[in-house]
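Colleague: Structure incoming, see below.
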Amino acid sequence: MAENKGVLVCGEIDSKLASITTELLGCGRKLADDLKEDLSCLLVGDKIGDAAKEAIAFGADKVYTVEDPLLKQYQADSFIQVVEKVAKDTLPRIVLFGQTSMGRELAPRLAFRLGVCLSTDCLDLTIDPNTKLLRQTRPVYGGNAQAIFVSEFMPQVVTVRPKAMSPIERDALKQVQGNIIPTRISIDTTKVRTKVLETVKEEVVGVKLEDAPVIVSGGRGMRGPEPFKTILKELADLLHGAVGASRPPADNGWVPEATHVGLTGKIVAPDVYIAVAISGASQHIAGCSGSKHIIAINKDPEANIFKEAEFGVVGKWEEILPAFTNKLKELL
Amino acid sequence: MPGINMIVCSKQVPDPEAPPSLFKVDTVANKMVTGPEVKPVISQYDEFALEAALRIKDKLGGKITALSLGNKIVRDVIKKALAVGADDLILLEDEAFDGGDSWSTAHALVAAIKKIGQYDLILCGRQSSDWDAGQIGLGIAEILGIPAVTLVRKVEVTDRKAKVERVIPDGYEKIEVTLPAVITVTSELGALRYATLKGIMAAAKKQPIVWKPADIGLESSQVGAAGRRIKLTKLFQPVKEAKCEVIEGETAAEAGANLAMRLRQAKLL
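What follows is the structure, given as structure tokens:
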């Protein structure tokens, strides 16, 4: 049996090369260098365009491009056919996906098809210098602990949490050297058993949560939808930021799901994260722990959020926030 | 399409809403140890999956089989599935099922699903509240060779098809899928209903069906820890230094204003 070699990144395109893919390439580059093997990237879509060259500029040695009108929109049943074929043909040692809408579906499917077990939502990946196996670190128990997994079955498949890894510096010169390999894979449409009837965007007005330099998030303690539209919104606008929420407000319908920060919502990493009336359950912290500075406002001095925060105020948000916002208006 | 046969996979886990300080890792055994204060519950996303099944049953009728895998499953906890309206409860319960990974667990569940025989929809939580892997639903679909839709917040079944809403980062997709299919359910679907007194009384009289590995045609070596394809090498809790600077004031409002000044001084804002 041929030996598995190299690192394969399953990339994503959102009009351009997705930021998660540049992060995967950054992480994959390091792993490939440690193994002294190649880094490849798979890009799938109806028109890939410059994204292939971008993947090279961000570290890939090789890019497999699979273009087909049938691959215009992500569909698990069609995309998995491409990923499975490329993985079987190229026999990578490691396959990296993003922990995204796509990666969450494709990675487990690929793993089960290839007879391996994967680790999802990895925060850290390193090569064991002795065994050359991939040490896969991921949070477990809602972020209450972390686990390191190792698999001897090849390939080693993982998904990586967005913003957990850094891209390497873009090298435009490298684009000319890279090897772009257009690859033809015919899609068996009889195996596509799901049909996307409609994609509905639930636009959030203002700055997108993922891009916001400052996020003002509210928790269960806001006790209703109103404060999210008024006092939190006012503060977020003042700081050119966005309003977020922990899970209870999203589950209760106080805010759109798109504002939910947490293990099962958005993973954000702003410069400043202001958590108001959020107790700091591990599953919420998992979504915001990448923030540079966390500020907590909570009436319970024992709340877990104070273990994560750099600055905090203990007390009722109804009293603290208006004074905080007014003072900032004077100072800014 | 009257009489939808549904199987809901539900796992018993330590209550994830318990304070983080009650979760301690035994680094020698590589196991999570939770104090007696942390009660076992049905994993929260599995409860949403159960609710999804109950809503379909409300509308179209049918049968719900709750399926759980583990060792020492607490009857009072898992029988909640019966109390809210599941028709049958099957437990894959044996020491041999302990310590599995997604690979061995999905294969054991599929062996049980095949033994149950009839299914139109298999519903799972999007991920468990303990290992958070999110692989079981997709693994079941792959082994059975049936389609799957993940992160579903709404399901409607019509004429051998299901129309579902799948949550994506900036909205949702309306997806049509042929049956049988696997659906993994996310929290936006809504919380599990409360059991009625009648339901609780009826559940109390029912006994779950218990299957051992041999009952589903598997050897002990194929299930649980023995059947793993990935090794847990280390379980740990990263050490966090408490470093929060608490800003004070005569009143809460003054503390708020002081916080603004402190953040400005630290050049954070």
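Line order of the protein sequences matches chains U and F. Mapping to the working numbering: the first sequence position 54 is 44, numbers consecutive. To convert, take the position in the second sequence, counting from 1, and add 267; that gives the working numbering. Quick reminder that beta carbons are idealized off the backbone N, C-alpha and C, glycines included.
With 7 Å as the limit, tell me which residues of the region 420 to 451 of chain F have their beta carbon closer than that to any beta carbon of chain U; keep them in chain order.
Modeller: Listed by position, the residues of the region 420 to 451 of chain F near chain U (Cβ gap below 7 Å) are V434, I435, P436, D437, G438, Y439, E440, K441, I442, E443, V444 and T445.
Colleague: Thinking C-alpha only, which one of U:K219, U:L61, U:M155 and U:V85 is nearest K185 of chain U?
Modeller: Checked all of U:K219, U:L61, U:M155 and U:V85; the closest Cα to K185 of chain U is U:L61.
Colleague: Would you report the Cα separation of K465 of chain F and D354 of chain F, rounded to the nearest angstrom?
Modeller: One C-alpha to the other measures close to 14 Å.
Colleague: Taking the straight line between their C-alpha atoms, what separation do you get for S272 of chain U and K122 of chain U?
Modeller: Looking at the two C-alpha atoms, the distance is approximately 32 Å.
Colleague: Step through the CB atoms of chain U and report whether any lies within less than 9 Å of the CB of F364 of chain F.
Modeller: Not an interface residue.
Colleague: Rounded to whole angstroms, what's the CA-CA distance from K381 of chain F to D365 of chain F? Just pull it up for me.
Modeller: Taking the straight line joining both Cα atoms gives about 21 Å.
Colleague: Please confirm if G302 of chain U has its CB atom under 9 Å from at least one CB of chain F.
Modeller: Yes, contact with chain F.
Colleague: Is F139 of chain U helix, strand or coil when you go by DSSP?
Modeller: Strand.
Colleague: Could you have a look at L535 of chain F and say whether DSSP puts it in helix, strand or coil?
Modeller: The answer is coil: DSSP assigns L535 of chain F none of H, G, I, E or B.
Colleague: Check K319 of chain U in the structure and name its three-state DSSP category.
Modeller: It is helical.
Colleague: What does a CB cutoff of less than 7 Å around L418 of chain F pick up in its chain, not counting 5 residues either side in sequence?
Modeller: If we look at L418 of chain F and ignore the five residues flanking it on each side, its Cβ neighbours are R393, R433, V434, T451 and T453.
Colleague: Just the Cα atoms here: how many angstroms apart are C0 of chain U and F87 of chain U?
Modeller: About 5 Å.
Colleague: Suppose you measure from the CA of S269 of chain U to the CA of G412 of chain F; what does that come to, to the nearest Å?
Modeller: In a straight line, the C-alpha of S269 of chain U is about 42 Å away from that of G412 of chain F.
Colleague: Comparing the C-beta of N525 of chain F with each C-beta of chain U, is any distance below 9 Å?
Modeller: N525 of chain F counts as touching chain U.
Colleague: Give the interface partners of E247 of chain U over in chain F, defined as CB-CB distance under 7 Å, in chain order.
Modeller: Within 7 Å Cβ-Cβ: V434 and E455.
Colleague: Residues bridged to L459 of chain F by DSSP?
Modeller: None, per the DSSP bridge assignment.
Colleague: Just how far apart, CA to CA, sit T332 of chain F and S281 of chain U?
Modeller: Those two C-alpha atoms are separated by around 43 Å.
Colleague: When Cβ atoms are compared, which residues of the region 497 to 513 of chain F fall closer than 7 Å to chain U?
Modeller: Flagged, chain order: I497, K498, L499, T500, K501, L502, F503, Q504, P505, K507, A509, K510, C511, E512 and V513.
Colleague: Decide yes or no for the touch test of the region 272 to 279 of chain F against the region 295 to 311 of chain F: beta carbon pairs closer than 8 Å, at least 3 of them.
Modeller: With the cut-off at 8 Å, the region 272 to 279 of chain F and the region 295 to 311 of chain F touch.
Colleague: Are the CB atoms of I264 of chain U and E298 of chain U within a distance shorter than 9 Å?
Modeller: No, these two residues do not count as a Cβ contact at 9 Å.
Colleague: Might you give, ordered along the chain, the residues of its own chain that have their beta carbon closer than 7 Å to the beta carbon of P291 of chain U, omitting 5 neighbours on each side?
Modeller: Result list for P291 of chain U: V304, in chain order.
Colleague: Just how far apart, CA to CA, sit H283 of chain U and T110 of chain U?
Modeller: Looking at the two C-alpha atoms, the distance is approximately 26 Å.
Colleague: To the nearest angstrom, how far is it from the Cα of L359 of chain F to the Cα of L318 of chain U?
Modeller: Rounded to the nearest angstrom, the two C-alpha atoms are 59 Å apart.
Colleague: A509 of chain F: which of U:R83, U:L7 and U:I295 sits nearest, CA to CA?
Modeller: Of the candidates U:R83, U:L7 and U:I295, the one whose C-alpha sits nearest the C-alpha of A509 of chain F is U:I295.
Colleague: Between which two residues does the beta strand (DSSP E) containing W478 of chain F stretch?
Modeller: Taken as a continuous stretch (DSSP letters only), the beta strand (DSSP E) holding W478 of chain F covers I476 to W478.
Colleague: Does A154 of chain U come out as helix, strand or coil in the three-state DSSP assignment?
Modeller: Here A154 of chain U sits in coil by DSSP.
Colleague: Using the Cβ count rule (16 or more neighbours within 10 Å means buried), how would you classify Q63 of chain U?
Modeller: Burial call: exposed.
Colleague: Could you check if Y54 of chain U is buried or exposed, using at least 16 other CB atoms within 10 Å of its CB as the buried criterion?
Modeller: Y54 of chain U is buried by the Cβ-count criterion.
Colleague: With respect to the beta strand (DSSP E) encompassing P172 of chain U, which residues constitute its N-terminal and C-terminal limits?
Modeller: Unbroken beta strand (DSSP E) run through P172 of chain U: N169 to P172.
Colleague: I want to verify the contact list: residues of chain U whose CB lies under 7 Å from the CB of P287 of chain F, in sequence order.
Modeller: In chain order: N134, S272 and N294.
Colleague: Can you give me the start and stop residues for the beta strand (DSSP E) that T445 of chain F sits inside?
Modeller: Its beta strand (DSSP E) spans residues G438 to T445.
Colleague: Ignoring anything shorter than 3 residues, give me the beta strand (DSSP E) runs that lie fully in the region 65 to 152 of chain U, in order along the chain.
Modeller: Complete beta strand (DSSP E) runs here, min 3: 84 to 88, 109 to 112, 114 to 117, 124 to 130, 135 to 140 and 146 to 150.
Colleague: Please classify V73 of chain U: is it buried, with 16 or more other beta-carbons within 10 angstroms of its beta-carbon, or exposed?
Modeller: Result: buried.
Colleague: Can you grab the Cα-Cα spacing for the pair I205 of chain U / G457 of chain F, in whole Å?
Modeller: Whole-angstrom Cα-Cα distance: 26 Å.
Colleague: For P203 of chain U and H230 of chain U, what's the separation of their Cα atoms in angstroms?
Modeller: If you take the alpha carbons of P203 of chain U and H230 of chain U, they lie about 8 Å apart.
Colleague: Using 8 Å for Cβ pairs, my map puts H221 of chain U next to P312 of chain U. What's the rounded Cβ distance?
Modeller: Strictly speaking, residue 221 of chain U in this sequence is Ile, with His absent from that position. Between P312 of chain U and I221 of chain U the Cβ distance is about 7 Å, and since that is below 8 Å, they are a contact.
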